[in-house]
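Peer 1:
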Ligand SMILES: NC(=O)c1ccc[n+]([C@@H]2O[C@H](COP(=O)([O-])OP(=O)(O)OC[C@H]3O[C@@H](n4cnc5c(N)ncnc54)[C@H](O)[C@@H]3O)[C@@H](O)[C@H]2O)c1
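Numbering (this note's numbering), first residue to last: 1 to 302.
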């Protein structure tokens, strides 16, 4: 059987046996999914976040299910927080084999309205954060004889999209950080890679876009190449977790300084009207847009 979604596939419960993984931004969304997948693959995790209650809850759920999971408070924008966070994680796990730099924030809005403090706050979390993280984890990873760092970028780190200037700049920066760090740390057996997902977790967008607009946004954006049951195959957090788990594992020991795109073909290209492969795609998009228009009209009437 072809497993169309990672949740259909059974994780190898021993793939990450012996792995000791620190994951930032793990209270929810992608980070929480990565933590769950690492644990179900036999690894031990420390979930880190500014939302301590959130990571405590996630870690308790994983521990109750028999996994090895703990929570720490870590603010990725703060150097001292990184130093104590890595020390604590190393203590809990008995060493460190991997760091997943996942924490990030989003800001959507017009370029001309962007306030400097907004841009700075975003870059502090999304770019300064992983940079400090790579530096803070290096010594522990060297003590381990090497390891794997995975930085979560985005398709926004591969392309440009309207309303996302600061976020896009930060995610391109994460890819640059990844390549430069891979060059420096390869001599210690430390691999550094970037994962570039498309929209897998609408919660991140929710504060900016009401659900109808988000729906329209998703439907009118470039279409992913993959289609399943007549609908675009959208990525979910499990897809990202699957890729991260592989990059942490010994199966990826030949990979460093690289981008791993998880977007069901969203960034592969765009369709050329009238050319083979476009017609059915175009009809599908029209149907989806009509559905959104009807739902919007119904909402306006209500
Ligand atoms: N949401 C998507 O569809 C999507 C698409 C592409 C890439 N990504 C990337 O995936 C990663 C996770 O995104 P998500 O959708 O799970 O986001 P999310 O908003 O659901 O979760 C982000 C987590 O980061 C934490 N966080 C924020 N600031 C922090 C800080 N200073 N220190 C420590 N933790 C902090 C938050 O408390 C939260 O738990 C991000 O790097 C994001 O850019 C997400």
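From the three backbone atoms N, C-alpha and C, an ideal C-beta is built for every residue, glycine too.
1) Given 7 Å as the limit, tell me if residue 224 has its C-beta closer than that to any heavy atom belonging to ligand 1.
2) With a threshold of 7 Å on Cβ separation, who are the neighbours of residue 110 within its own chain once the five nearest residues in sequence on each side are excluded?
3) Return the residue from the list 155, 188, 16 that minimises the CA-CA distance to residue 174.
4) For residue 236, which three-state DSSP category applies?
5) Consider the C-beta atom of residue 304 and the heavy atoms of ligand 1; say whether any pair is separated by less than 7 Å.
6) Is residue 24 near ligand 1, going by C-beta to nearest heavy atom under 7 Å?
7) Leaving aside the five residues before and after residue 131 along the sequence, list all residues of the same chain whose C-beta is less than 8 Å from its C-beta, in chain order.
8) Should residue 164 be listed as close to ligand 3, given that the test is whether its C-beta is under 7 Å from any heavy atom?
9) Let's see if you can read the secondary structure: which residues bound the beta strand (DSSP E) around residue 147?
10) Do the region 128–148 and the region 224–235 make contact, defined as three or more Cβ pairs closer than 8 Å?
11) Going by alpha carbons, who is nearest to residue 65 out of 82, 87, 36?
12) According to DSSP, simplified to helix, strand and coil, what is residue 256?
13) Give a single yes or no on whether residue 31 has its beta carbon closer than 7 Å to a heavy atom of ligand 1.
14) Quick check on this structure: which residue in 157, 134, 152, 153 has the alpha carbon closest to the alpha carbon of residue 146?
15) Please identify the residue among 268, 254, 113 whose C-alpha is closest to the C-alpha of residue 165.
16) If you draw a straight line from the C-alpha of residue 179 to the C-alpha of residue 20, how long is it?
17) Should residue 94 be labelled buried (16 or more other beta-carbon atoms within 10 Å of its own) or exposed?
18) Would the beta-carbon of residue 152 be found less than 7 Å away from any heavy atom of ligand 1?
19) Check whether the Cβ of residue 77 lies closer than 7 Å to any heavy atom of ligand 1, and answer yes or no.
20) Which first and last residues belong to the beta strand (DSSP E) in which residue 47 is found?
21) Output the distance between the C-alpha atoms of residue 194 and residue 301, rounded to the nearest integer angstrom.
22) Below 7 Å, is the gap between the Cβ of residue 105 and the nearest heavy atom of ligand 1?
23) Would you please state the rounded distance, in angstroms, between the beta carbons of residue 96 and residue 137? I believe it to be under 8 Å.
24) Look at the Cβ atom of residue 55, then the Cβ atom of residue 71, and state whether they are nearer than 8 Å.
25) Say yes only if the C-beta of residue 27 is nearer than 7 Å to one or more non-hydrogen atoms of ligand 1, and no if none qualify.
26) Pick out the complete beta strand (DSSP E) segments inside the region 9–67, 3 residues or longer, and give them in chain order.
Peer 2: Taking the structure as given:
1) no
2) 163
3) 155
4) Three-state result, residue 236: coil.
5) Residue numbering for the chain in the displayed model covers 1 to 302; residue 304 lies beyond these limits and cannot be assessed.
6) Yes, ligand 1 has a heavy atom inside 7 Å of this Cβ.
7) 177
8) Ligands present in the displayed structure are limited to ligand 1, and ligand 3 is not among them.
9) 147–152
10) no
11) 36
12) coil
13) yes
14) Nearest C-alpha to residue 146: 134.
15) Per the C-alpha coordinates, the member of 268, 254, 113 positioned closest to residue 165 is 113.
16) 23 Å
17) exposed
18) yes
19) Under cutoff, so the answer is yes.
20) 44–49
21) 46 Å
22) Correct: residue 105 has its Cβ closer than 7 Å to ligand 1.
23) 6 Å
24) yes
25) Yes, Cβ of residue 27 sits closer than 7 Å to a heavy atom of ligand 1.
26) The region 9–67 is shown to contain whole beta strand (DSSP E) runs of 3 or more residues at 20–24, 44–49, in chain order.
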